[in-house]
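Peer 1:
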Amino acid sequence: MEKSQIITKEKLQFSGMMKEALRIPFKNPNFILFFLLASLSLFFFLVLSEIIFLQSLIQILDLLMETFARLHGDYGYYTNFYGWQPMYSIREMIGNVSEIRLLSSLLLLGIIHLLDLVNTIITVYAASVIYAGEANNPMGLKQIICTPITKVGFKGPLITSVYALLLSSLAFLGMLSLAMNMYFATDYFLILVFGMPLMVLLTKHIEWSGIWNMGTVISILEEKHGDVAIWVSAYLSKGCRKSGFLLAFVFFAWKIALRLSCFYYLQSHKGRIGLNVLEVIGGKVCLVCVGNFMMWVGFVVYYYDCKNAISREEV
Numbered sequence: 006m007e008k009s010q011i012i013t014k015e016k017l018q019f020s021g022m023m024k025e026a027l028r029i030p031f032k033n034p035n036f037i038l039f040f041l042l043a044s045l046s047l048f049f050f051l052v053l054s055e056i057i058f059l060q061s062l063i064q065i066l067d068l069l070m071e072t073f074a075r076l077h078g079d080y081g082y083y084t085n086f087y088g089w090q091p092m093y094s095i096r097e098m099i100g101n102v103s104e105i106r107l108l109s110s111l112l113l114l115g116i117i118h119l120l121d122l123v124n125t126i127i128t129v130y131a132a133s134v135i136y137a138g139e140a141n142n143p144m145g146l147k148q149i150i151c152t153p154i155t156k157v158g159f160k161g162p163l164i165t166s167v168y169a170l171l172l173s174s175l176a177f178l179g180m181l182s183l184a185m186n187m188y189f190a191t192d193y194f195l196i197l198v199f200g201m202p203l204m205v206l207l208t209k210h211i212e213w214s215g216i217w218n219m220g221t222v223i224s225i226l227e228e229k230h231g232d233v234a235i236w237v238s239a240y241l242s243k244g245c246r247k248s249g250f251l252l253a254f255v256f257f258a259w260k261i262a263l264r265l266s267c268f269y270y271l272q273s274h275k276g277r278i279g280l281n282v283l284e285v286i287g288g289k290v291c292l293v294c295v296g297n298f299m300m301w302v303g304f305v306v307y308y309y310d311c312k313n314a315i316s317r318e319e320v
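In structure tokens, the structure reads:
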């Protein structure tokens, strides 16, 4: 497919984007081979991180149940609830997680973020070349891996990814605070007071994720980084937010469903890590890798669709 053919295409709906994204890997078998190698490099760190995260989550949920019981103790619900401080409870939860586990989690998250960013740079660049038909001949594996690193570099996408991570973390802290308040509220009015903003913030977070992800794509394919890439992403996607929202929502739901199923399985084994649990976590990690790969390929298609929409408006 030539770049001119992409530009003259009609606006794609969400289903059309997914079809285009699914076709891209099969246009070059070396792209699939790269995905397998990239997933292998992340696999061990993701499995270890998932084990630590799930065990910590079980520990924190046990603490939440104890706190919930105290709030409904002998002193009455309303007295305890209005004297309860969410930030103090968060500090208490973090304090109950061992320092070694906490430091290990932070170290693993740093390693995973850097490895994932390298894979993202290569995936986005290669998917763009394949989709736009910029290469006369199919790229070899070495070309798929080396060309993006030499042409794009690492600094620009890293800056943009840090911006996206900080914005996402702020939104997550807001959702966490609202969720904790809603969890401890048994009065229907209070549940509504905390529940409605939580749903609004969650919806906006998914929509913003689409903008942040395309900002990362822009920082790889164009010479725009950090807040500039995110602002350009917001401008390009202004008429295509629904498709971006659906794209972000599908992969968000994919990750949540996998994590919840894995958490339920681990909890049924009382947090003990046996061979069966490791197999389930390993399977979950493999499916997450597939989801991440297809998500970035999908956002490449979304990026071109947004640019085409802007081009058609200007004509």
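As numbered in the working numbering, residues 6 to 320 make up the sequence shown, in order.
All C-beta atoms, glycine included, are put in the ideal place defined by N, C-alpha and C.
All figures in this text were calculated on a predicted structure; none of them were measured in a lab.
Starting from the C-beta of D310, find all residues in its chain whose C-beta is less than 6 Å away, skip the five residues before and the five after it, and write them out in chain order.
Peer 2: Taken in chain order, the residues that qualify are L17.
Peer 1: Could you give the first and the last residue of the continuous alpha helix (DSSP H) run that contains K24?
Peer 2: Unbroken alpha helix (DSSP H) run through K24: F19 to F31.
Peer 1: Which residues in the same chain as G287 place their Cβ atom closer than 7 Å to its Cβ, once the five residues preceding and following it in sequence are excluded?
Peer 2: Excluding sequence neighbours, G287 sits near V52.
Peer 1: In this structure, does DSSP put F304 in helix, strand or coil?
Peer 2: Helix.
Peer 1: Go to E227, then tell me how far its alpha helix (DSSP H) extends in each direction, as first and last residue.
Peer 2: First-last for E227: undefined, no H or E at that position.
Peer 1: Sorted by chain position, which residues of the same chain lie with C-beta nearer than 8 Å to F58's C-beta, five sequence neighbours on each side aside?
Peer 2: Excluding sequence neighbours, F58 sits near S110.
Peer 1: Excluding five sequence neighbours on each side, which residues of the same chain lie with their C-beta closer than 8 Å to the C-beta of M299?
Peer 2: Contacts found: A26, L27 and F256.
Peer 1: Less than 7 Å between C-beta atoms, sequence neighbours within five positions excluded: which residues of the same chain meet that for L251?
Peer 2: These residues qualify, in order along the chain: F19.
Peer 1: Looking only at its chain, what residues have a beta carbon closer than 6 Å to the beta carbon of S133, apart from the 5 residues adjacent to it on each side?
Peer 2: Excluding sequence neighbours, S133 sits near L226 and V305.
Peer 1: Considering only the alpha carbon of each residue, which of F50, Q60, G21 and L42 lies closest to L265?
Peer 2: Closest option to L265, Cα to Cα, is Q60.
Peer 1: Among A314, N297, N313 and L283, which one has its Cα closest to the Cα of E55?
Peer 2: Answer by Cα proximity: L283.
Peer 1: What would DSSP say about L143, mapped onto helix, strand or coil?
Peer 2: A quick correction: the sequence has Pro, not Leu, at residue 143. Coil at P143, not helix or strand.
Peer 1: Count the C-beta pairs between the region 230-249 and the region 191-201 that are closer than 8 Å, then say yes if the count reaches three, no if not.
Peer 2: Segments in contact, no.
Peer 1: How big is the Cα-Cα spacing for C291 and S44?
Peer 2: Rounded to the nearest angstrom, the two C-alpha atoms are 8 Å apart.
Peer 1: On the three-pair Cβ rule with 8 Å, is the region 141-159 touching the region 173-181?
Peer 2: The region 141-159, when compared against the region 173-181, does not touch it at the 8 Å Cβ threshold.
Peer 1: Near F199, what residues of its chain come up, given a Cβ to Cβ distance below 7 Å and the 5 sequence neighbours on each side ignored?
Peer 2: Once the five neighbours on either side are set aside, the close Cβ partners of F199 are L183, N186, M187 and A190.
Peer 1: If we call anything under 8 Å between Cβ atoms a contact, is L241 one with I135?
Peer 2: No. Outside cutoff.
Peer 1: Can you give me the Cβ contacts of I211 inside the same chain, cut-off strictly under 8 Å, excluding the 5 residues immediately before and after it?
Peer 2: For I211, where only same-chain residues beyond five positions count, the Cβ hits under 8 Å are F250, A253, F254 and F257.
Peer 1: In chain order, what residues of the same chain lie with their CB nearer than 7 Å to the CB of S166, ignoring the 5 residues before and after it?
Peer 2: Result list for S166: L122 and T221, in chain order.
Peer 1: Rounded to the nearest angstrom, what separates I117 and L170 at their Cα positions?
Peer 2: Between I117 and L170, the C-alpha separation is close to 13 Å.
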